[in-house]
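Accompanying notes for the structure given below.
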Amino acid sequence: MTALDFSPAPSAAPLRKRVWRQARTEAMLLIRNGEQLLLALAIPMGILVGARFLGERMGVDFHAMGASMVALAIWSSAFTSLAIATGFERRYGVLERLAATPLTRTGLVLGKAGATSMVLTGQVIILLALASALGMRWTLSPIPTLACVLGIVMAVPCFASWAMALAGVARAEVTLAVANLLHLVGMVAGVVVPVAVFPVWAHPVLTALPTAALGELTRGGLAGFPGVAPWISLLVLAAWMSVGVLVARKVFRWMS
Numbered sequence: 011m012t013a014l015d016f017s018p019a020p021s022a023a024p025l026r027k028r029v030w031r032q033a034r035t036e037a038m039l040l041i042r043n044g045e046q047l048l049l050a051l052a053i054p055m056g057i058l059v060g061a062r063f064l065g066e067r068m069g070v071d072f073h074a075m076g077a078s079m080v081a082l083a084i085w086s087s088a089f090t091s092l093a094i095a096t097g098f099e100r101r102y103g104v105l106e107r108l109a110a111t112p113l114t115r116t117g118l119v120l121g122k123a124g125a126t127s128m129v130l131t132g133q134v135i136i137l138l139a140l141a142s143a144l145g146m147r148w149t150l151s152p153i154p155t156l157a158c159v160l161g162i163v164m165a166v167p168c169f170a171s172w173a174m175a176l177a178g179v180a181r182a183e184v185t186l187a188v189a190n191l192l193h194l195v196g197m198v199a200g201v202v203v204p205v206a207v208f209p210v211w212a213h214p215v216l217t218a219l220p221t222a223a224l225g226e227l228t229r230g231g232l233a234g235f236p237g238v239a240p241w242i243s244l245l246v247l248a249a250w251m252s253v254g255v256l257v258a259r260k261v262f263r264w265m266s
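Numbering-wise, the working numbering comes out as the position in the sequence shown, counting from 1, plus 10.
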């Protein structure tokens with residue numbers, strides 16, 4: 011008769027499963043948060059509808075605005091929402107406790123990246139579907155569209171790294187205020203408003219901002235809107251992403 015071994019053999023789940031479950035949990039928390047939904051969908055959808063029916067009276071190009079909403083979705087989720095959520099998680103000790111579990115700090119960061127990617131994918135799909143339903147005319151050319159895709163790939167870690175840096179050094183209330191303020195500034199500074207709209211003397215300053223770089227790439231790659239050369243915008247995003255990752259690794263604190 012074979013003896014049964016009932017001795018405990020505790021072990022953590024594989025890293026892949028731990029990261030997936032954490033990402034799914036964080037994504038669900040973001041979706042259920044009213045403020046996050048306002049930033050992620052309500053505002054971009056409202057701007058799209060307004061541009062479609064009031065754009066001609068206000069001199070707004072609806073097709074360029076439709077492409078800009080992709081940039082706004084990335085800006086709102088990868089920076090604003092992530093900074094606010096992480097700031098309050100750090101304040102209440104959530105990060106400290108999760109980092110001490112088998113999830114580990116690496117798994118927690120990967121989980122946040124996965125959650126942000128899932129929410130962003132949903133945002134972009136919904137906004138593209140709405141823009142198409144409203145009559146958006148997509149203008150896709152090989153080089154600008156490829157540059158747009160590369161820009162999006164770089165913009166997500168770029169904005170996320172600066173969000174983590176902000177949430178890692180400031181109190182939660184300060185993070186909330188600064189993130190919302192920067193969200194509005196970023197919308198004007200290139201995400202929604204094209205660089206060409208501003209006076210010529212302001213173009214060099216705006217062109218050097220990651221928000222304008224992403225906005226110009228999406229408008230050029232999805233709507234054929236003329237603007238800053240794609241290679242300049244890609245270099246700007248690459249520079250901000252590299253510096254942001256270094257700063258976040260240097261200043262981020264897990265405990266409040």
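Note that the Cβ used here is the ideal one computed from N, Cα and C, for glycine as well.
Backbone CA spacing between residue i and residue j [nearest angstrom]
i: residue 169; j: residue 22; result: 32 Å
i: residue 302; j: residue 140; result: This structure leaves residue 302 out entirely; the chain is present only between 11 and 266.
i: residue 300; j: residue 173; result: This structure leaves residue 300 out entirely; the chain is present only between 11 and 266.
i: residue 161; j: residue 185; result: 26 Å
i: residue 163; j: residue 33; result: 19 Å
i: residue 182; j: residue 98; result: 5 Å
i: residue 210; j: residue 226; result: 16 Å
i: residue 52; j: residue 14; result: 58 Å
i: residue 243; j: residue 17; result: 59 Å
i: residue 208; j: residue 129; result: 32 Å
i: residue 89; j: residue 67; result: 32 Å
i: residue 191; j: residue 94; result: 12 Å
i: residue 76; j: residue 112; result: 43 Å
i: residue 133; j: residue 219; result: 23 Å
i: residue 38; j: residue 47; result: 11 Å
i: residue 107; j: residue 29; result: 16 Å
i: residue 63; j: residue 146; result: 12 Å
i: residue 265; j: residue 69; result: 48 Å
i: residue 249; j: residue 171; result: 12 Å
i: residue 49; j: residue 214; result: 28 Å
i: residue 27; j: residue 212; result: 48 Å
i: residue 195; j: residue 85; result: 11 Å
Contact under 7 Å by Cβ, residue i with residue j
i: residue 87; j: residue 131; result: no
i: residue 309; j: residue 202; result: Only positions 11 to 266 of the chain appear in the structure, and residue 309 is not among them; the question remains open.
i: residue 262; j: residue 178; result: yes
i: residue 188; j: residue 238; result: no
i: residue 165; j: residue 240; result: no
i: residue 221; j: residue 200; result: yes
i: residue 83; j: residue 137; result: yes
i: residue 217; j: residue 80; result: no
i: residue 109; j: residue 101; result: no
i: residue 154; j: residue 44; result: no
i: residue 103; j: residue 36; result: no
Boundaries (first-last residue) of the alpha helix (DSSP H) holding residue i
i: residue 204; result: Here residue 204 belongs to no alpha helix (DSSP H), and DSSP marks it neither H nor E.
i: residue 246; result: 240-261
i: residue 180; result: No alpha helix (DSSP H) contains residue 180, which DSSP labels as neither H nor E.
i: residue 79; result: 72-85
i: residue 131; result: 114-143
Beta-carbon separation (whole angstroms), residue i vs residue j, contact threshold 8 Å
i: residue 251; j: residue 167; result: 6 Å
i: residue 175; j: residue 258; result: 4 Å
i: residue 149; j: residue 233; result: 5 Å
Any chain D beta carbon closer than 7 Å to residue i
i: residue 212; result: Looking at the structure shown, chain D is missing, and only one protein chain is on hand.
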